[in-house]
Each structure stands twice: as C-alpha cells, then as structure tokens.
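Worksheet: one structure, shown below.
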Amino acid sequence: MKPILWLLLVAVLPVHAGTLRCKSALLTEGDTTAELLIRCGQPLLKEDLTRYEENGFGARMTVKYAERWTYNFGKSEFMQFVTVENGVITEIEDGPRGG
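Following this line, the structure appears as structure tokens:
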C-alpha cells in the first residue's frame, strides 16, 4: 500500500525540467522574461514568491523576491512552472498534465 501512495505523491509533484518549449522555440534557465513573453505569451497565472534564508543565528532574513509563472498548454501537455528573478528565468519545472 505504501509504494502506491509514494508513487501518487511523486506523480503530483513538479519535476525540475530546465527547459521549456513554446511553439518552435526552446527556452532555458538564464533566458530573459522578454524572451519568455515573446515566445510563450502571457502566463495563465503569476504568483509572487519570497525566498527566505537563515542567517548564522537562526533568524530568517529575506533574500530574494521572485515570481512563479504558470503555463498551461492543454490536456496533452504538461503544465510548466517558470520561476523568474530580476527579469531572468532561474528555474523551469514540469507540473501535472494541463486541463
């Protein structure tokens, strides 16, 4: 029973992809948001993220503000989660199938 639950959990979590294909263009980490918008258009959703890091004394300090852009390319494709910091793509993850 436990292996089935583990498999379901892994299937739902986003997977680090590193690349994003929009139409015939391929985007990678390090590309700009301008390139992302030109090639993929506006995302379905934009979320603000605040990343925290602990200092040496255990106190939390804000280090970065980022955005997570969600693209849904339809039922037959995986959703894409793109993290953007300072106008640059820093992470691309595959999500579940679109709807």
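Counted the way my numbering counts, the sequence shown spans residues 68 to 166.
For every residue, glycine included, the Cβ atom is placed at its ideal position computed from N, Cα and C.
Quantities reported herein were computed from a predicted structural model and do not represent experimental measurements.
**OP:** Look at the alpha carbon of Leu-116 and the alpha carbon of Arg-135, and state the distance between them as a whole number of angstroms.
**Re:** The residue you call residue 116 lines up with position 49 of the sequence shown. The residue you call residue 135 lines up with position 68 of the sequence shown. Whole-angstrom Cα-Cα distance: 7 angstroms.
Original post:
Buried or exposed: Val-77, going by 16 or more other Cβ atoms within 10 Å of its Cβ?
Top reply: Position 10 of the sequence shown, counted from the first residue, corresponds to residue 77. Because the pLDDT of Val-77 is 46, which lies under 50, any placement of that residue in the model is unreliable, and the number read from its coordinates should be weighed accordingly. That one is exposed.
**OP:** Give the straight-line distance between the Cα atoms of Tyr-132 and Gly-123, rounded to the nearest whole angstrom.
**Re:** Counting from 1 along the sequence shown, the entry for residue 132 is found at position 65. Counting from 1 along the sequence shown, the entry for residue 123 is found at position 56. Near 21 angstroms, if we compare the C-alpha coordinates of Gly-123 and Tyr-132.
Original post:
Within 7 angstroms: the Cβ of Asp-115 and any heavy atom of the ligand SAM?
Top reply: The ligand SAM is not part of the structure shown, which contains no ligands of any sort.
Original post:
In the structure shown, what three-state DSSP assignment does Glu-102 receive?
Top reply: For the purposes of this step, residue 102 is taken as the residue at position 35 of the sequence shown. Residue state, collapsed to three classes: helix.
**OP:** Kindly list the residues whose CB is nearer than 6 angstroms to the CB of Gly-141, restricted to its own chain and excluding five residues on each side of it in sequence; keep chain order.
**Re:** Locating residue 141 in the sequence shown gives position 74, counting from the first residue. Correct list, in chain order: Gly-165.
Original post:
Thinking C-alpha only, which one of Arg-127, Glu-152, Gly-125 and Ile-159 is nearest Tyr-138?
Top reply: Residue numbering aside, residue 138 sits at position 71 when the sequence shown is read from its first letter. Relative to the Cα of Tyr-138, the nearest Cα in the group Arg-127, Glu-152, Gly-125 and Ile-159 belongs to Ile-159.
Original post:
Which one of Cys-89, Ala-126 and Gly-162 has the shortest CA to CA distance from Gln-109?
Top reply: Working through the sequence shown from its first residue, we reach residue 109 at position 42. Restricting attention to Cys-89, Ala-126 and Gly-162, the CA atom closest to the CA of Gln-109 is found in Cys-89.
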